[in-house]
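Okay, structure first, notes after.
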Amino acid sequence: RPELGRALSGAGISPEGQRLPHLLLRAELDQLIVSGPRRGKEFTYSLLEERVPKVPAMDRSEALTELTLRYFRSHGPAQVQDFTWWSGVTAGEARRGITFAGAALEHRVVEGKDYWSDAAAEGASNAAVVAHLLPNFDEYTVGYRDRSALMPTAGRFDPSLLSFGSILSNVVTVDGVVRGAWRRSSARSTMLIEARLFEKLTERETAAVADAGRRMSRFLGRPVELALAHR
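One rule links them: number in my numbering = place in the sequence shown (from 1) + 1040.
See the structure below:
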């Protein structure tokens, strides 16, 4: 990004203030450039034609089918309203996409609600408890309009944890259900993670959250100190 700023400045275009990020955003929306991996702490960019291979053009029906399959394969089980919320297509287009997808999607009714998912997906395993420390605006919480299945209180975020944020902020999930929220602070060499939970966890659930902390430590490449508390 600093290199692009210097190049723009050399061409007589000021990159000062918020001009540079907005210019880069416009160039990405115009499909001129794409973002890539970081170089240290800096973002990198390249021309779209250099990084993204050319693919055959799709007509609207083909594109709608592909979008529908990709959403429900990655987010299913999900409802039509979730798909429209995430994609911006209309409800009618969403239903046509589901029709086009045919047998590739599995339909089921749960508590009177229609859900679709990848017909080829394997069922969930109950062998181990799995926990995650999800970041703010994670796809797991953003990707659904109806979040009642994610929350123990019918989709309402516990108001006692609003100091940590909201359902779209950093949340703790255990076996796919939001069980609390977390926030971080940095010491000189350690990342401090404070997790506040709706209720006390079982020993297996606590161990799963601790494992999530260890995974974060490996990802960050620095020690993580995890503190758990419940309201």
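We treat Cβ as the ideally placed atom computed from N, Cα and C, and that holds for glycine. This structure is a prediction, so every number in the text was calculated from the model and none was measured.
Cα atoms of Q1071 and T1084: separation of roughly 16 Å, rounded to the nearest angstrom.
Note on M1256: 16 or more other CB atoms within 10 angstroms of its CB, so buried under the neighbour-count rule. When Cβ pairs closer than 8 Å are counted between the two stretches, the segment 1143–1158 is seen not to touch the segment 1220–1234, the count staying below three.
Considered as a whole, the segment 1098–1142 harbours 1100–1115, 1120–1127, 1131–1141 as its complete alpha helix (DSSP H) runs of no fewer than 4 residues, in chain order.
The beta carbons of T1246 and L1268 sit about 7 Å from each other, so the pair counts as a contact at 8 Å. With a threshold of 16 other beta carbon atoms within 10 Å, Q1058 falls short and is exposed. In this structure the segment 1099–1112 touches the segment 1135–1146; the number of beta carbon pairs closer than 8 Å is three or more.
Remark: C-beta atoms of A1248 and A1171 approach each other more closely than 8 Å. In the DSSP assignment, A1267 is bridged to E1234. In this structure, DSSP gives R1258 a helical state, which the three-state scheme calls helix. Beta-bridge annotation (DSSP): D1154 is paired with V1149. Cβ-Cβ distances below 8 Å link L1237 to V1212, R1219, G1220, L1268, A1269, H1270, R1271 in the same chain, with the five nearest sequence neighbours on each side left out; the list follows chain order. Nearest neighbour of G1116 by Cα position, chosen from L1173, A1159, A1051, turns out to be A1159.
Look at T1213 here: in three-state DSSP terms it is strand. DSSP, read as helix, strand or coil, puts G1076 in coil. Contact check for Y1155 and A1118: beta-carbon distance about 6 Å, within the 8 Å limit, so the pair qualifies.
Using a Cβ distance threshold of 8 Å, V1120 and A1134 count as a contacting pair.
In the three-state reduction of the DSSP assignment, L1173 falls in the strand class. Counted as a single uninterrupted DSSP element, the alpha helix (DSSP H) harbouring L1060 occupies residues 1059–1069. G1253 and L1173 do touch by the CB rule: their CB atoms are close to 7 Å apart, below 8 Å.
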